[in-house]
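Following: one structure in structure tokens, then a few remarks.
Numbering (the numbering used here), first residue to last: 228 to 384.
Written out as structure tokens, the structure reads:
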């Protein structure tokens, strides 16, 4: 599939490096556009669960989610070569509890998604949620790559 759009739904700069490297290689080979969505996912403050009935009054931290998306964009921008005009980074604030719906809506703008393997030596709940959202809510093919990324063979002419 040439001249399409590939997306990476990034949640962690360290974990998503391989997916971004693979997506950069894939888009170079295929002549496709790459959208890197830097996801800042709202979360309820950890001490909110101790609040008991007052929990309903505790709001997820919107500003922290926006700051996470900005920080992630800054870290990931360094991975994109400056000569690559076919790559865009987008900051996205994702509402807690709406990962499936909101990531699925973002994914629909792409032809396929490159994602980091959701299972590793440490727990990766965000990667699991994002992968499931792209697959099931977005209805897209997802290329799942190991932590280091995957090599993309050059296109035969």
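Glycine included, every Cβ here is placed at the ideal spot set by N, Cα and C.
Reduced DSSP category for residue 366 - H, G, I as helix; E, B as strand; rest coil: For residue 366, the secondary structure class from DSSP, reduced to helix, strand or coil, is coil.
Extent of the continuous beta strand (DSSP E) run through residue 267: Start and end: 260-268.
Three or more C-beta pairs below 8 Å linking the region 311-319 and the region 250-261: Contact holds between the region 311-319 and the region 250-261, because three or more Cβ pairs, one in each stretch, are under 8 Å apart.
CA nearest to the CA of residue 242, picked from 354, 369, 377, 362: Considering only alpha carbons, the answer is 354.
First through last residue of the alpha helix (DSSP H) which encompasses residue 247: Here the alpha helix (DSSP H) through residue 247 covers 244-257.
Range covered by the beta strand (DSSP E) that runs through residue 321: First-last of the beta strand (DSSP E) with residue 321: 314-321.
Contacting residues, own chain, Cβ-Cβ under 8 Å from residue 246 (five flanking each side not counted): So the list reads 235, 237, 341, 342, 343, 372, 376, once near-sequence residues are dropped.
Beta-ladder partner(s) of residue 339, from DSSP: The partner list for residue 339 (beta bridge, DSSP) reads 233.
Heavy atom of the ligand ATP within 6 Å of residue 309 beta-carbon: What this structure holds is no ligand at all, so the ligand ATP is not there to describe.
Identity of the residues DSSP links to residue 372 by a beta bridge: Its beta-bridge partners are 343.
Proximity below 7 Å, CB of residue 324 to CB of residue 364: In this structure, residue 364 does not lie closer than 7 Å to residue 324 by Cβ.
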